[in-house]
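Chains as they are written, first to last, in this note's numbering: chain A, 2 to 366; chain B, 1024 to 1314.
All C-beta atoms, glycine included, are put in the ideal place defined by N, C-alpha and C.
Predicted, not measured: the structure shown is a model, and the values here were computed from it.
Just below is one structure, and these are the notes that go with it.
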């Protein structure tokens, strides 16, 4: 089946510096995909290539099988919401929303009807005759959203649209965006550096790092099965421990920790090779911690407790390994075993083999 | 209701109102200077215009009734309007270029414009005389290219005045325009493009309306300066088509007719102020209509 939007092997370089490379992504109709990554990771560059503001050095962008590259921005029929408010300051809210239809020379009656519909969808009835300067940041972004959707674009691009808003407002607008996505069924590509935002909004997440896509997948896939150490660190919280890879057996490996402990059955990712240095990754809530009883039944790894913070639904333990690497461990409220732990005291930690991941240290930044 | 009040406090323009009278003492020296060197002489001139050669409005009557004076004023307004129109047309793209060029090139272009402003006015005007004369570079080139057979009369008439003044006034429209255009968010034009606006629509519906304050400010400055300009019209213009400043100078310097000269000067001042007020009002109304 032909993908709705097909981003093929995009590369963009300026002189000698490569902004993005090997960016491949197929998007289904109506999908909500976030581009997640730190600033400078190439996510905005990719979006700008799709918008037509940048010509890629290599690669192609196909919408319903047709290449977009030779189509100028104003004929691509793509909607976009920018990071900063880019409403036309001399036009009212309603005139801003009407703008795309006016330049399409649509009959006035149709414009009026369509604008009224969008104003209703974005809940802007009360402010439709105001100028952008008279609106709050959240309202401005809702106008921008209405303006970008009024001409029924097949694809809506959003470039960190909420980064200028405060947290509460951001969550409110996220909810609005999700609602509008469900009501219109538009395909959305959404750039953000906020992992929580991408987890909350999107069907699939493309994690960008250093100009490449490290992994594309649903939030659960990324969390449970991160392809690289970068993804593991960027999506959710993680503990990283340095280690040496002892033996690789298919998708599993046996590793040696700096204290000499041998851990088997660890899931391996990337080009993990026996004998090389690696990084062990654990999720803080998958690690079990209990006090050292001093009796013979002690298994697992001994650590020193450095800090304990009770956070209501869970308790956060900050511990240190014997080779001075710190780890975070989260224990949900009500789980037993961690009683009697005190700051400065010794504890033992362990985990289920399947919850441990190992990455090669070479790709580490 | 709460949300509405928050909105209204939102991003509106900063409040202009200040405590009244508080800063008055600071402007006093400038005010006194202006009173002595500007307001007083103008009033004296006004006084002479209604007292010489005798008490009455005969000077103003002559100004209104005489076809010669009427034509001088007509010339003045015509040339000023044309100069303003051309400077806006030529200055707009230059100003935009200054805004969008990479900094290195923009600085270079800016330097050229500023340097031309700093060059002596007489030197620049004489340079135009050389360029525009019958055997000048422009005529020779045009004849050489076979575009014309006879040299064009480009100097000693209003054409020469218009060309020379347009050149001199250009920076005065470019500088305020650049200031206005720098305030335009660059992503606005990208947004316009994605909204489906081609170059023409983006220009007509976004860039032009947002540049209007700069056009208005620069245009008014150019127009008002052109109305009273003396050096360039007297050097590049002919004797048959005078402009107001030349007329006033001649009335006072050659004919020693202070009464008539004063009347002409005062009439020019009043007309200028009237135009300024009208422009201000029109501009305010368009601004208010938007708000």
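By the three-class DSSP mapping on this structure, what secondary structure does residue i have?
| i | result |
| --- | --- |
| residue 191 of chain A | strand |
| residue 12 of chain A | strand |
| residue 985 of chain B | Any answer about residue 985 of chain B is impossible in this case: the structure gives chain B only from 1024 up to 1314. |
| residue 119 of chain A | helix |
| residue 351 of chain A | strand |
| residue 179 of chain A | helix |
| residue 168 of chain A | helix |
| residue 60 of chain A | strand |
| residue 325 of chain A | coil |
| residue 18 of chain A | strand |
| residue 319 of chain A | strand |
| residue 77 of chain A | coil |
| residue 25 of chain A | strand |
| residue 107 of chain A | coil |
| residue 289 of chain A | strand |
| residue 1172 of chain B | coil |
| residue 256 of chain A | strand |
| residue 1117 of chain B | helix |
| residue 1126 of chain B | helix |
| residue 1203 of chain B | helix |
Nearest chain B C-beta to residue i closer than 8 Å, yes or no?
| i | result |
| --- | --- |
| residue 81 of chain A | yes |
| residue 99 of chain A | no |
| residue 187 of chain A | no |
| residue 152 of chain A | yes |
| residue 104 of chain A | yes |
| residue 52 of chain A | yes |
| residue 74 of chain A | yes |
| residue 162 of chain A | no |
| residue 268 of chain A | no |
Take residue i and list the residues in its own chain whose beta-carbon comes closer than 6 Å to its own, dropping the five residues that flank it on each side.
| i | result |
| --- | --- |
| residue 163 of chain A | 171, 174 |
| residue 63 of chain A | 7 |
| residue 1306 of chain B | 1239 |
Could you name the residues of the same chain whose beta carbon sits closer than 8 Å to that of residue i, not counting the 5 residues immediately before and after it, in chain order?
| i | result |
| --- | --- |
| residue 116 of chain A | 95, 98, 99, 102, 151 |
| residue 214 of chain A | 23, 24, 25, 26, 207, 208 |
| residue 1241 of chain B | 1110, 1111, 1114, 1195, 1196, 1197, 1198, 1199, 1200 |
| residue 52 of chain A | 74, 77, 79, 81, 158 |
Should residue i go down as buried or exposed, given a rule of 16 or more other Cβ atoms within 10 Å for buried?
| i | result |
| --- | --- |
| residue 297 of chain A | With a pLDDT of 49 at residue 297 of chain A, under the threshold of 50, the predicted position of this residue should be treated as unreliable, and no value is reported. |
| residue 86 of chain A | buried |
| residue 1080 of chain B | exposed |
| residue 1126 of chain B | exposed |
| residue 135 of chain A | buried |
| residue 388 of chain A | Here chain A covers residues 2 to 366 and nothing more, so residue 388 of chain A does not appear. |
| residue 1186 of chain B | buried |
| residue 91 of chain A | buried |
| residue 1277 of chain B | exposed |
To the nearest angstrom, how far is it from the Cα of residue i to the Cα of residue j?
| i | j | result |
| --- | --- | --- |
| residue 340 of chain A | residue 291 of chain A | 7 Å |
| residue 1206 of chain B | residue 44 of chain A | 27 Å |
| residue 1172 of chain B | residue 1249 of chain B | 33 Å |
| residue 216 of chain A | residue 334 of chain A | 33 Å |
| residue 1104 of chain B | residue 1287 of chain B | 19 Å |
| residue 243 of chain A | residue 1203 of chain B | 56 Å |
| residue 232 of chain A | residue 131 of chain A | 43 Å |
| residue 1097 of chain B | residue 1209 of chain B | 42 Å |
| residue 11 of chain A | residue 29 of chain A | 18 Å |
| residue 1262 of chain B | residue 1191 of chain B | 21 Å |
| residue 110 of chain A | residue 1141 of chain B | 56 Å |
| residue 1123 of chain B | residue 1227 of chain B | 18 Å |
| residue 1301 of chain B | residue 1293 of chain B | 12 Å |
| residue 39 of chain A | residue 194 of chain A | 5 Å |
| residue 344 of chain A | residue 319 of chain A | 9 Å |
| residue 980 of chain B | residue 147 of chain A | No answer is possible for residue 980 of chain B: the residues shown for chain B start at 1024 and end at 1314. |
| residue 19 of chain A | residue 48 of chain A | 16 Å |
| residue 1077 of chain B | residue 1245 of chain B | 37 Å |
| residue 1055 of chain B | residue 93 of chain A | 45 Å |
| residue 41 of chain A | residue 1167 of chain B | 57 Å |
| residue 1071 of chain B | residue 1091 of chain B | 21 Å |
If you drop the 5 nearest sequence neighbours on each side, which residues of the same chain put their C-beta closer than 7 Å to that of residue i?
| i | result |
| --- | --- |
| residue 201 of chain A | 175 |
| residue 247 of chain A | 255, 256, 257, 263, 275 |
| residue 1256 of chain B | 1184, 1266, 1268, 1269 |
| residue 1160 of chain B | 1154 |
Would you verify that the beta carbon of residue i is, or is not, closer than 8 Å to some beta carbon of chain A?
| i | result |
| --- | --- |
| residue 1232 of chain B | yes |
| residue 1229 of chain B | yes |
| residue 1213 of chain B | yes |
| residue 1210 of chain B | yes |
| residue 1217 of chain B | yes |
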